[in-house]
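*Asks:* One structure follows; several queries about it will come next.
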Amino acid sequence: MAVDTQTVEKLAELARIDISEETLEEVSHRLGEVLQLVDQLQAVNTDGIAPMAHPLEEKQTLRIDAVTESDRRKEFLALAPQTEEGLYLVPKVID
């Protein structure tokens, strides 16, 4: 599908981008190539093919969910200027 320069100018106006007169012909040609590729992809029969989330058949390896640090909550609370019932007290910032 060929894209004429008038169509590219209108698209540039709608997208609020500036395409110079020197590159207008090249942009028209490249957009035409992209649309030809889309036409090729749409021509492929995909009946019976399940959609894929990712093209590679790799799996995410997960680490073991185990506690690796000791509980230092009381130490950290002792460093805070103000605490109450295990919570940090901070100044009110929103009225």
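Here the working numbering is used: the first residue of the sequence shown is 40, the next is one more, and so on. Quick reminder that beta carbons are idealized off the backbone N, C-alpha and C, glycines included.
1) Along the chain, which unbroken stretches of the alpha helix (DSSP H) at least 4 residues long are found entirely within the region 60-110?
2) Would you decide whether S67 is buried or exposed? Buried here means 16 or more other CB atoms lie within 10 Å of its CB.
3) Can you tell me whether E123 is helix, strand or coil according to DSSP?
4) DSSP three-state label for R112, please.
5) In angstroms, rounded to a whole number, what distance separates the CA positions of A51 and P130?
*Replies:* Here's the rundown:
1) 60-82
2) Counting from one through the sequence shown, the residue named residue 67 turns up at place 28. The residue is buried, with at least 16 neighbouring Cβ atoms inside 10 Å.
3) In the sequence shown, the residue the question calls residue 123 occupies position 84. Strand, per DSSP.
4) Here residue 112 refers to the residue found at position 73 of the sequence shown. Three-state result, R112: helix.
5) What you label residue 51 is simply residue 12 of the sequence shown in a count that begins at 1. What you label residue 130 is simply residue 91 of the sequence shown in a count that begins at 1. Going from the Cα of A51 to the Cα of P130 covers about 50 angstroms.
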